[in-house]
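Undergrad: In full-length UniProt numbering, the protein residues as written are 1 to 386. Idealized CB from N, CA, C, for every residue including glycine. Quick caveat: nothing in here was measured; it's all calculated off a predicted structure. The following block contains the structure, expressed as structure tokens.
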């Protein structure tokens, strides 16, 4: 059986995601579609609006055959690390194709670009560190590096899916056996679009905004997603009291030990937190040209969960394939490949598996604090079967 993989968040799953899965299956001619899906916290440091089980269920009812959980240590990271985690996971389970969305209207040879970036990696890294301007974002600094080397690489730092596409290509080129890359242009809406500009497809950003504003979202999401969204709606503001308590009660030395923390930012956090009454106001006081909102959100999540660098590195050294759900076809694929897998396949979480998934479990326990209806996320849960 031939497998095509996608790296996703589904926050929430909507009609555009269903279109992407349909096109990925069509273009790859794959027998099974496999999703590496972020858990309850996402790449930009956000909390998923509904939990990972509800999102996995929607995906399985709308074109996915297997949903794997991309663990916290890879899911809540900058684009390159996020891509590396997802790409390695899909390669480990035997995907021959990797399909992703792109915002570019031009046909881009991501396979070639990935190989080129991999071959010139040392030169790129060296020049980046030599020329990086702290006032610019990572993406803007990368554009300057490409221009300095006269590299004709299309790089639109304002389009998140395009940036991720390049990161996927780079990570894929580092595999012993790279997957074939398939890029599908997003239909009708961009990642950041906040309005409903199509009759049936809207961005996840627009849908989330619509949900919290009480707008009608029925035309844009499958029934499976609608049912879950009526039960619970999670946002970062739900966690602000816990975050505020954490930062207020940590001494400065401990705060400086948080993963990716910089000393000056730790001092600023301690200075600002007492006067802030909301998550949004706290982020606004911390973000700057040097520290983007996304970077601040990830860092605040690391603070909330008390994540240390040693814990991230420990988790990276113990990869696994956590299965959230599968269809009948997906189950057949897993039975076919499970004996040849180098990574352990996890369907139920017990004490042994909990040691491997300790960061994800910690994150899930905190995620539950947002809403009384959120069920326990790991030990009591069985794989979804569709």
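Do residue 57 and residue 296 have their C-beta atoms closer together than 8 Å?
TA: On the chain shown, residue 57 is found 57 positions in, with the first residue counted as 1. On the chain shown, residue 296 is found 296 positions in, with the first residue counted as 1. A distance of 8 Å or more separates the beta carbons of residue 57 and residue 296.
Undergrad: In the structure shown, what three-state DSSP assignment does residue 337 receive?
TA: As a working mapping, residue 337 is identified with position 337 in the chain shown. Shown here, residue 337 sits in a helix according to DSSP, grouped into three states.
Undergrad: Does the pairing of the stretch 248-261 with the stretch 83-100 give three or more beta-carbon distances under 8 Å?
TA: no
Undergrad: Which partner residues does residue 37 have in the DSSP bridge list?
TA: Translated into the one-based positions of the chain shown, residue 37 becomes position 37. Answer is 8 and 69.
Undergrad: Nearest by alpha-carbon distance to residue 303: which of 334, 239 and 353 is it?
TA: What you label residue 303 is simply residue 303 of the chain shown in a count that begins at 1. Checked all of 334, 239 and 353; the closest Cα to residue 303 is 239.
Undergrad: Starting from residue 358, trace the alpha helix (DSSP H) in both directions and tell me its first and last residue.
TA: By one-based count along the chain shown, residue 358 stands at place 358. Its alpha helix (DSSP H) spans residues 358-367.
Undergrad: I need the boundaries of the alpha helix (DSSP H) containing residue 184, first residue and last residue.
TA: The residue you call residue 184 lines up with position 184 of the chain shown. Here residue 184 belongs to no alpha helix (DSSP H); instead the beta strand (DSSP E) covers 180-185.
Undergrad: Applying the criterion that 16 or more other CB atoms from any shown protein chain within 10 Å of the CB defines a buried residue, is residue 17 buried or exposed?
TA: Within the chain shown, residue 17 is the residue found at index 17, counting from 1. With 16 or more other Cβ atoms within 10 Å, it is buried.
Undergrad: In angstroms with no decimal places, state the Cα-to-Cα distance between residue 132 and residue 381.
TA: Working through the chain shown from its first residue, we reach residue 132 at position 132. Working through the chain shown from its first residue, we reach residue 381 at position 381. Distance between the alpha carbons of residue 132 and residue 381 is about 46 Å.
Undergrad: Three-state secondary structure (DSSP) at residue 240?
TA: The residue labelled residue 240 in the question sits at position 240 within the chain shown. Here residue 240 sits in helix by DSSP.
Undergrad: Can you have a look at residue 223 and say buried or exposed, based on whether 16 or more other CB atoms are within 10 angstroms of its CB?
TA: In the chain shown, counting from the first residue as 1, residue 223 sits at position 223. Counting Cβ neighbours within 10 Å, residue 223 comes out exposed, since fewer than 16 surround it.
Undergrad: Going by DSSP, what residues sit across from residue 97 in a beta bridge?
TA: Counting from 1 along the chain shown, the entry for residue 97 is found at position 97. Bridge partners of residue 97: 4 and 180.
Undergrad: Taking only the alpha-carbon atoms, compute the straight-line gap between residue 153 and residue 32 and give it to the nearest angstrom.
TA: Position 153 of the chain shown, counted from the first residue, corresponds to residue 153. Position 32 of the chain shown, counted from the first residue, corresponds to residue 32. One C-alpha to the other measures close to 32 Å.
Undergrad: Using beta-carbon positions only, say whether residue 71 and residue 315 come within less than 8 Å of one another.
TA: As a first step, residue 71 must be located in the chain shown, where it is residue number 71. As a first step, residue 315 must be located in the chain shown, where it is residue number 315. Contact flag set, yes.
Undergrad: Tell me whether residue 159 is buried or exposed, calling it buried when 16 or more other Cβ atoms sit within 10 Å of its Cβ.
TA: In the chain shown, the residue the question calls residue 159 occupies position 159. The residue is buried, with at least 16 neighbouring Cβ atoms inside 10 Å.
Undergrad: Taking residue 89 as the reference, give the member of 371, 101 and 66 with the closest Cα.
TA: Here residue 89 is taken as the residue at index 89 of the chain shown, counted from 1. It is 66 whose Cα lies nearest to the Cα of residue 89.
Undergrad: Does the Cβ-Cβ distance between residue 234 and residue 361 come in under 8 Å?
TA: To locate residue 234, count along the chain shown from 1; it is residue 234. To locate residue 361, count along the chain shown from 1; it is residue 361. The Cβ atoms of residue 234 and residue 361 lie no closer than 8 Å to each other.
Undergrad: Does residue 274 pass the burial test, meaning 16 or more other C-beta atoms within 10 Å, or should it be called exposed?
TA: For this step, residue 274 is matched to residue 274 along the chain shown. The residue is exposed, with fewer than 16 neighbouring Cβ atoms inside 10 Å.
Undergrad: Please give me, in chain order, every unbroken run of the alpha helix (DSSP H) with length at least 4 that falls completely inside the stretch 96-158.
TA: List check, alpha helix (DSSP H) in window: 110-119, 121-131 and 138-148.
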